[in-house]
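A quick write-up on the structure given underneath.
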Amino acid sequence: MRIDKQTNGETLIVRLDGELDEHTAQKMREAVQESLGDEITRLVLNLHGVTFIDSSGLGAILGRFREISQRNGRMCLVSVNPQVRHILELAGVLKIMPLYRSETRALEEA
Amino acid sequence: MRIDKQTNGETLIVRLDGELDEHTAQKMREAVQESLGDEITRLVLNLHGVTFIDSSGLGAILGRFREISQRNGRMCLVSVNPQVRHILELAGVLKIMPLYRSETRALEEA
Amino acid sequence: MEDCNELVLEFVSRPENVAVARVTVAALAAQLDPSLPELDDVRLAVSEAVTNATIHAYPGTTGRVVVRARLCQRRLTVEIIDYGQGIADIEQARQPSFSTDPNPERMGLGFAFMESCMDQVEVESAPGRGTTIRLIKEFPEVPAEDS
Amino acid sequence: MEDCNELVLEFVSRPENVAVARVTVAALAAQLDPSLPELDDVRLAVSEAVTNATIHAYPGTTGRVVVRARLCQRRLTVEIIDYGQGIADIEQARQPSFSTDPNPERMGLGFAFMESCMDQVEVESAPGRGTTIRLIKEFPEVPAEDS
Ligand SMILES: Nc1ncnc2c1ncn2[C@@H]1O[C@H](COP(=O)(O)OP(=O)(O)O)[C@@H](O)[C@H]1O
Ligand SMILES: Nc1ncnc2c1ncn2[C@@H]1O[C@H](COP(=O)(O)OP(=O)(O)O)[C@@H](O)[C@H]1O
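Residue numbers (my numbering), protein chains in the order written: chain A, 3 to 112; chain B, 3 to 112; chain C, 3 to 149; chain D, 3 to 149.
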């Protein structure tokens, strides 16, 4: 798993590359925690490079959603591949988090 | 391994997709044999989709070269990925068979 | 067993090995020329079962995990075996959203995902006697192609 | 052995299983975040050794192949074990272009490729007593990254 991060004022953008399972979810968790300063109120999780997700990956995404919601922040997802989209839908994640096609879209609308 | 074949007069174009090893080399061998009618004097082997090759794959390529040479025909290769190129170079294959960037180039020049 | 192709993979229950098990079984299943969604189903089901053997079977420690995968005609059978603490109430464990793990990020969806991906999911387990998960999937015949 | 990660893969010597072995060992090696050429080296060396166990070890029949792969720090050790006919003259077998197979498409480059891909290649074999190939490769430390 490759994890890229970028902070823009109140927005933290996290880009993931690889497979999101128990092992890499742990890395994602740590990477987000590390950069989630008090000023951050918006988390954009770009899943463009994620080729696989299971329930552990799902749990890590929902965990970040819970965390940012607790501080009254928002979270959205960007551009997911078919396998990932299928799992997010199955678990109802897309009902609680908006999904955008691109980061630009996410930054404009979220 | 996916194998596509196309016959153009005296030219047989074979396009491979996947990994060329002992198992798939056997399939390639059979597929070429099947289409190598007496009229064929030129074999264009497109390796664009080949992501891996080992000595068994190499043997199958050289075997086709030997076969087409015996009937005074020619053979060339098209567009190989870095791993494949490295192996072809290591084994000296590129000294005996021309390599082209595209099928169009191969058909013009070979 | 006439024309079956079987493999056995053995490893230690570490999170980083879940990906290895997933990839190995997917490579075996690939011999059937499955569709991409079918292959994704196999990956997901194996991932869930091996993750369970990794996080639930040996609390506070690690142990051996065995994955036995078999292709017979167009049927894939995968057994994920651990020698850990076992499951006391299997019916309850299989319920969607049920998890014994207090961690709120543990979704309790492992078994639900296995069931949605495979044709059959069998669980053999008893407290102190380890767990065997058997996943079965049929791959319908596809029209013959040059491959 | 303190912090090693080991796996064992067992399968039948069929040509279609060479890809499974290659992919499994590559997935283990991927835990070191290797470069693409390093990973290609591992794939090729494993492919050659497992192909040999498939075509040379059990002439006219099939048999068991065991692949044992171990990561210790940044060293990968892969043993490819068969219980087949063994090699009478190991030194001769390792010579580039040497093959006992009359098939002209058999290149005799298997050992040469293993050696060009790995830091060390050890062969243990005797007629009638099977063959063990040990492949060893070190992965130099890379600058730390977010991964
Ligand atoms: N291999 C196993 N060993 C012991 N307990 C298990 C095993 N697999 C599953 N379980 C039990 O079944 C429960 C439900 O599993 P699952 O549906 O995968 O959800 P989750 O893994 O998120 O808890 C687990 O919380 C655990 O108590
Ligand atoms: N596992 C094995 N069992 C028996 N003989 C083997 C084995 N591996 C290699 N050999 C012998 O060593 C020779 C050289 O092997 P190699 O360099 O891989 O070339 P090739 O496989 O093309 O013959 C083989 O022809 C064979 O006689």
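For each residue, glycine too, the CB sits at the ideal point set by N, CA and C. The structure displayed is predicted, hence computed values, not measured ones.
Supposed close pair residue i, residue j - CB separation, criterion 8 Å
i      : j      : result
C:V68  : C:V27  : Between C:V27 and C:V68 the Cβ distance is about 12 Å, and since that is not below 8 Å, they are no contact.
D:G86  : D:A51  : Actually they do not touch by this definition, with Cβ atoms about 13 Å apart.
A:V52  : A:G20  : 7 Å
C:T80  : C:L41  : Before going on, a small fix: residue 80 of chain C reads as Val here, not Thr. Not really, about 13 Å apart at Cβ, beyond 8 Å.
B:S58  : B:E24  : 4 Å
A:E12  : A:T43  : 5 Å
B:C78  : B:A33  : Contact doesn't hold; Cβ gap of about 18 Å is too wide.
D:S127 : D:T64  : So it is not a contact: roughly 19 Å between Cβ atoms.
B:L22  : B:F54  : 7 Å
D:I92  : D:V125 : 5 Å
A:I98  : A:F67  : 7 Å
D:A71  : D:L9   : 5 Å
Any non-hydrogen atom of ligand 1 within 6 Å of residue i CB
i      : result
D:I57  : no
C:N105 : no
C:T64  : no
C:N54  : yes
D:T79  : no
C:G1   : Residue 1 of chain C lies beyond the stretch modelled for chain C, which goes from 3 to 149, so this question has no answer here.
C:G86  : yes
C:M109 : yes
C:T102 : yes
C:I89  : yes
Contacting residues, own chain, Cβ-Cβ under 7 Å from residue i (five flanking each side not counted)
i      : result
A:R103 : S81
B:D6   : R17
B:E105 : I15, V46, N48, V80
C:L11  : A23, T26, V69
D:P17  : T56
D:T53  : V20, G112
D:P61  : Q87
Spatial neighbours of residue i in its chain, beta-carbon cut-off 6 Å, leaving aside the 5 residues before and after
i      : result
C:S99  : G110
C:R131 : G88
A:T9   : none
C:L78  : A31, K139
A:A27  : S58, G59, A62
D:I151 : The structure shown does not extend to residue 151 of chain D, since chain D spans only 3 to 149, so no value can be given for it.
D:E117 : V123
A:M3   : G20, T26, K29
C:S101 : R108, G110
D:C119 : D43, L46, A47
Any non-hydrogen atom of ligand 2 closer than 6 Å to residue i Cβ
i      : result
D:T133 : yes
A:R44  : no
D:A95  : yes
Residue environment, residue i, which counts as buried when at least 16 other CB atoms sit within 10 Å
i      : result
D:C6   : exposed
C:N105 : exposed
D:D121 : exposed
B:K29  : buried
B:G65  : buried
D:A90  : exposed
C:Q97  : exposed
C:M3   : Bear in mind that a pLDDT of 47 at C:M3, under 50, signals an unreliable position, so the number given afterwards is only what the model happens to contain. Under this definition C:M3 is an exposed residue.
Own chain partners of residue i with C-beta closer than 8 Å, once the 5 adjacent residues on each side are dropped
i      : result
C:P142 : R76
C:Q33  : N7, L73
B:Q85  : T53, F54, I55
C:P39  : none
D:D148 : Bear in mind that a pLDDT of 48 at D:D148, under 50, signals an unreliable position, so the number given afterwards is only what the model happens to contain. Contacts found: none.
B:N1   : Outside the displayed range of chain B (3 to 112) lies residue 1 of chain B, so it cannot be described from this structure.
C:P129 : Q87, G88, I89, A90
A:E41  : G11, E12
B:S71  : M77
D:F115 : L46, A47, E50
Closer than 6 Å: residue i CB and nearest ligand 3 heavy atom
i     : result
D:S49 : Annotation note on ligand 3: not contained in the displayed structure, which lists ligand 1 and ligand 2 as its ligands.
Between the region 91-98 of chain B and the region 40-53 of chain D, do three or more beta carbon pairs fall short of 8 Å?
Contact between the region 91-98 of chain B and the region 40-53 of chain D is absent, with fewer than three C-beta pairs closer than 8 Å.
Listed in chain order, which residues of the region 35-68 of chain B have Cβ atoms closer than 8 Å to some Cβ of chain G?
Reference to chain G is not applicable here, since the protein chains of this structure are A, B, C and D.
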